[in-house]
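Colleague: Residues 17 to 340 in the numbering used here are what the sequence shown spells out, letter by letter. The structure under discussion is supplied below as structure tokens; questions concerning it will follow.
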Amino acid sequence: MSARVVLLVTTPRIAPGLLTREAWRTLEQAYAVWGRPDEPQVAAVVETGLDVLAREADDPAQLARDLVAASEAGDVVWVGSSDGDPGLSDAIAVEVSRLPEPPDVELLIGSFDVPGARLLDVVAVMDRLRSPGGCPWDAEQTHSSLVPYLLEEAHEAVEAIESGDPAHMQEELGDLLLQVAFQSRVAQEHPSRPFGIDDVAGGLVDKLVRRHPHVFADVDAETAEQVAANWDAIKSGEKPHRSHPLDGVPAALPALARADKVVSRLEKAGRGDVVAAAATGDDLGARLLALVLAARAEGVDAEAALRATLRRLHDDVASPGETD
């Protein structure tokens with residue numbers, strides 16, 4: 017078997033040194049291992065006791081020539097840099113094409129992104145935008161100034177979901193995720209009670225585990241109704257200060273969505289009679305509430321039903337340029 021030039025490629029989104037078994041075996045058996053001395057992955061390899069020949073950010077063509085020349089004595093591994101070593105693979109291809117008996121060139125994937133790894137990129141980009149030398153507009157934003165964008169993106173995400181277009185949905189969910197990342201980054205700068213995205217994510221994980229004891233503990237819940245009942249009971253125990261059944265219903269919800277939430281809360285609290293009485297009046301508000309009750313009886317989301325009707329109305333009305 018001829019000697020090889022091995023380009024060891026790793027993801028920067030997981031800790032340095034978390035390499036595949038094949039990658040470690042290749043490093044251990046190589047004639048020489050090369051890499052940039054300031055790279056975390058190189059430092060992790062050195063910490064295991066392996067020798068790494070330090071090479072600075074050379075001209076790709078020169079580095080390629082040196083790697084190919086060194087491979088005459090045995091396998092040479094280049095520990096890939098975090099910037100992807102632009103131009104190096106092309107330069108190696110040019111170099112080996114000149115040789116009558118070139119070494120084999122192998123791209124070895126030493127580590128892979130785990131699910132959710134790109135979220136680390138979101139955090140890093142948001143930090144860069146907010147930090148000194150980043151974006152002036154981003155640097156000026158506050159929790160309050162971002163609220164209109166949060167509301168807008170939430171509504172656009174709903175619209176995208178109801179459109180059924182996966183590409184549209186992906187884009188709008190990304191915009192909504194930006195608002196969570198942005199608010200969390202701003203919160204890091206609070207003078208006395210800072211928190212960051214890890215605190216937000218950690219609190220969410222704790223809540224999900226705590227409120228799903230049928231998954232993470234020994235509570236039995238075989239139906240969706242039992243799960244919902246457990247959820248409500250656990251939530252009530254977590255927030256004993258909410259003595260009124262309507263505490264925590266956001267006042268900023270659209271009216272039909274808020275009405276549906278209020279009805280749900282009161283029915284769970286055993287006050288369905290109050291709801292029924294409020295819906296029997298002759299005023300417009302009572303009649304609208306009665307429509308919400310009718311929609312719930314049919315298993316229909318009144319807010320979503322009205323949005324669907326408005327979309328149809330929009331599609332049915334020709335634009336000015338389309339009229340005769």
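C-beta atoms are modelled at their ideal positions from N, C-alpha and C, and glycine is treated no differently. Remember, it's a predicted structure, so these values are computed and weren't measured experimentally.
Who are the near neighbours of Q78 in its chain, counting only those whose CB is closer than 7 Å to its CB and skipping five residues on each side?
Modeller: Residue mapping note: residue 78 aligns to position 62 of the sequence shown, counting from 1. The answer is none, since no qualifying residue turns up.
Colleague: Give a yes or no on whether the C-beta atoms belonging to V243 and H230 are separated by under 8 Å.
Modeller: The residue labelled residue 243 in the question sits at position 227 within the sequence shown. The residue labelled residue 230 in the question sits at position 214 within the sequence shown. Contact: yes.
Colleague: Decide if G65 is buried, meaning its Cβ has at least 16 other Cβ atoms within 10 Å, or exposed.
Modeller: Along the sequence shown, one-based indexing puts residue 65 at 49. Exposed is the call here.
Colleague: Quick one: grab the DSSP three-state call for R227.
Modeller: Taking the first residue of the sequence shown as position 1, residue 227 is located at position 211. R227 falls in the coil class under three-state DSSP.
Colleague: Could you tell me how far apart the beta carbons of Q57 and P32 are, in whole angstroms, since I believe they sit closer than 8 Å?
Modeller: In the sequence shown, residue 57 corresponds to position 41, counting from 1. In the sequence shown, residue 32 corresponds to position 16, counting from 1. Confirmed, Cβ separation roughly 5 Å.
Colleague: Rank A320, W94, S208 and E168 by C-alpha distance to the C-alpha of L193 and give the top, closest one.
Modeller: Your numbering for residue 193 matches position 177 in the sequence shown. Ranking the options by Cα distance to L193, first place goes to E168.
Colleague: Name the DSSP beta bridge partners of I125, please?
Modeller: For this step, residue 125 is matched to residue 109 along the sequence shown. Per DSSP, V25.
Colleague: What is the DSSP secondary structure of L69, reduced to helix, strand or coil?
Modeller: Along the sequence shown, one-based indexing puts residue 69 at 53. In this structure, L69 counts as strand in the three-state DSSP scheme.
Colleague: Can you find the residues in the same chain that come closer than 7 Å, C-beta to C-beta, to S98, ignoring five residues on each side of it along the sequence?
Modeller: Locating residue 98 in the sequence shown gives position 82, counting from the first residue. Cβ within range, chain order: P28 and E55.
Colleague: Beta carbon of D276, beta carbon of A249: below 8 Å?
Modeller: Indexing the sequence shown from 1 puts residue 276 at position 260. Indexing the sequence shown from 1 puts residue 249 at position 233. Against a cut-off of 8 Å, the Cβ pair of A249 and D276 comes out as no contact.
Colleague: So, do the stretch 276-286 and the stretch 256-267 have three or more beta carbon pairs nearer to each other than 8 Å?
Modeller: Cβ pair count under 8 Å is three or more, so yes.
Colleague: Among V61, L145 and P261, which has the Cα closest to the Cα of G415?
Modeller: This structure cannot speak to residue 415, because the chain is shown only from 17 to 340.
Colleague: I'd like the span of the beta strand (DSSP E) that includes V265, first residue to last.
Modeller: Here residue 265 refers to the residue found at position 249 when the sequence shown is read from its first residue. Unbroken run through V265: none, as it is neither H nor E.
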